[in-house]
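Below is one structure, written out as structure tokens; the observations come after it.
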Amino acid sequence: MSNLDVDNSVPFAEQFQNIAHWLAIKGWSEAAGGNMSIRLDTPTDISETTFIPLPVSVPYLAGKALMVTGSGTRCRDIATDPTSDIGLYKIGASGEDYCWLAGNQKPTMELPAHCAIHNTLAEHRPEDIAILHTHPANLIALCHLPEFIDGTSISKRILSLQSEARLHLPEGIGFVEHELPGSLVLGLKSAEQVKKHQLVLWQYHGCLATGNSLSHAFDLLEVFDKCAEIFWKLQAAGIDPKGIAEDTIKETLKSFGQLDRYPKQ
Ligand code: 2HA
Ligand code: ZN
3 MSNLDVDNSV
13 PFAEQFQNIA
23 HWLAIKGWSE
33 AAGGNMSIRL
43 DTPTDISETT
53 FIPLPVSVPY
63 LAGKALMVTG
73 SGTRCRDIAT
83 DPTSDIGLYK
93 IGASGEDYCW
103 LAGNQKPTME
113 LPAHCAIHNT
123 LAEHRPEDIA
133 ILHTHPANLI
143 ALCHLPEFID
153 GTSISKRILS
163 LQSEARLHLP
173 EGIGFVEHEL
183 PGSLVLGLKS
193 AEQVKKHQLV
203 LWQYHGCLAT
213 GNSLSHAFDL
223 LEVFDKCAEI
233 FWKLQAAGID
243 PKGIAEDTIK
253 ETLKSFGQLD
263 RYPKQ
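Pasting the structure below:
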């Protein structure tokens with residue numbers, strides 16, 4: 003892995019490669035769609051380069067490193083060889099700037115969003131070090147139905163279509179209305195949502211997933227996508243599904259000790 007082969011970054015580079023493969027197979031990350039990042043808490047001794055100001059202050063990331071997919075990189079290429087497509091960056095001690103350390107030198111347009119979201123994760127859910135953004139058609143299609151304009155309505159309707167979905171996503175999904183791709187406002191609104199949600203649906207755009215690894219984030223996307231697929235299959239058959247009763251879902255969560263994570267009404 004050349005100069006990315008440092009500290010604990012080798013398994014992380016393999017995670018990028020493995021998940022990029024699955025994103026490509028799923029058809030979720032068309033063209034250069036989607037991006038991924040992992041936070042590295044272990045200090046690296048790679049020489050720092052020129053620091054570049056960040057448009058957002060990220061004090062909880064100060065001195066930490068982020069491994070990030072490059073702008074315009076394709077999942078089907080990352081799946082073959084991630085070396086040239088992922089870059090390693092360090093956040094300055096002030097939490098106000100970053101510098102390139104190794105690998106790809108042109109980070110995803112969503113870098114400010116990833117920084118803002120990682121900052122919130124580091125503060126509120128430090129075990130969650132991975133962020134994955136991609137464009138699953140089943141999920142984007144939901145945003146075109148007028149009744150699905152917030153996370154609560156989507157969670158109630160869609161996550162009630164499979165008996166174990168809420169066990170993976172007890173809090174339901176978060177939602178951000180359409181914002182300019184790559185914009186800081188999209189990142190800041192998502193950062194607010196990840197305080198309570200592992201997944202955030204970006205209206206008309208795609209989904210953002212967080213987890214303790216890229217695989218974990220991908221698991222959660224699979225669960226949400228499966229439920230949406232069930233919804234669209236039933237709609238295609240002319241059926242408007244009512245879903246599993248809320249009491250039954252709560253009973254299931256209670257049996258697995260997860261009921262306290264279900265939103266109180
Ligand atoms: O990086 O998907 O949202 C390509 C994107 C931006
Ligand atoms: Zn996108």
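Taking our numbering, the leading residue of the sequence shown gets 3, the next gets one more, and so forth. Backbone N, C-alpha and C fix where the C-beta goes; we use that ideal spot for every residue, glycine too.
Buried/exposed call for residue i, threshold 16 Cβ in 10 Å
i: Leu6; result: For Leu6, the predicted structure reports a pLDDT of 45, less than 50, and the residue's modelled location is therefore unreliable. The matter cannot be settled from this model.
i: Phe2; result: Outside the displayed span of the chain (3 to 267) sits residue 2, for which this structure offers no information.
i: Leu90; result: buried
i: Ala247; result: exposed
i: Ser157; result: buried
i: Ala211; result: buried
i: Lys244; result: exposed
i: Ser49; result: exposed
i: Asn106; result: buried
i: Gln195; result: buried
i: Tyr206; result: exposed
i: Ser11; result: Since pLDDT at Ser11 reaches only 40, below the 50 mark, its modelled position is unreliable, and no value is offered.
i: Leu147; result: exposed
i: Ser4; result: Interpretation of Ser4 is limited by its pLDDT of 41, a score under 50 that renders its predicted location unreliable; the figure taken from the coordinates is listed afterwards. Its Cβ having fewer than 16 others within 10 Å, Ser4 is exposed.
Residue closest to residue i, alpha-carbon to alpha-carbon, out of the options
i: Ser217; options: Ala132, Gly74, Gly36, Leu113; result: Ala132
i: Phe220; options: His120, Val178, His137; result: His137
i: Phe226; options: Gln195, Arg168, Ile93, Lys252; result: Arg168
i: Ala33; options: Thr51, Arg78, Ile93; result: Arg78
i: Leu63; options: Leu186, Pro128, Gln205; result: Pro128
i: Lys266; options: Leu190, Leu222, Pro172; result: Pro172
i: Thr268; options: Tyr100, Ile27, Val58; result: Examination of residue 268 is not possible in this model, given that the chain is present from 3 through 267 alone.
i: Cys229; options: Leu161, Asp130, Pro114; result: Leu161
Cross-strand partners of residue i (DSSP beta bridge)
i: Phe177; result: Leu203
i: Ser39; result: Val70, Ile133
i: Ile54; result: Tyr100
i: Ala211; result: Leu134, Leu201
Enumerate, from N- to C-terminal direction, the unbroken alpha helix (DSSP H) stretches of 4 or more residues contained entirely within the stretch 63-142.
77-80, 113-126
Between the stretch 71-89 and the stretch 141-151, do at least 3 Cβ pairs fall closer than 8 Å?
No: fewer than three Cβ pairs fall under 8 Å.
Okay, do the stretch 199-215 and the stretch 249-263 touch, 3+ Cβ pairs below 8 Å being the bar?
no
Any chance you could list the alpha helix (DSSP H) runs of at least 4 consecutive residues sitting entirely within the stretch 214-265, in chain order?
216-238, 248-257
The stretch 145-161 touching the stretch 63-77, judged by at least three CB pairs closer than 8 Å
no
Flag this pair as touching only if the stretch 37-49 and the stretch 111-121 have three or more C-beta atom pairs under 8 Å; answer yes or no.
Segment contact: the stretch 37-49 against the stretch 111-121, three or more CB-CB distances shorter than 8 Å; contact assigned.
List, from N- to C-terminal side, the beta strand (DSSP E) runs of 3 residues or more that fit wholly inside the stretch 147-178.
Runs of the beta strand (DSSP E) inside the stretch 147-178: 176-178.
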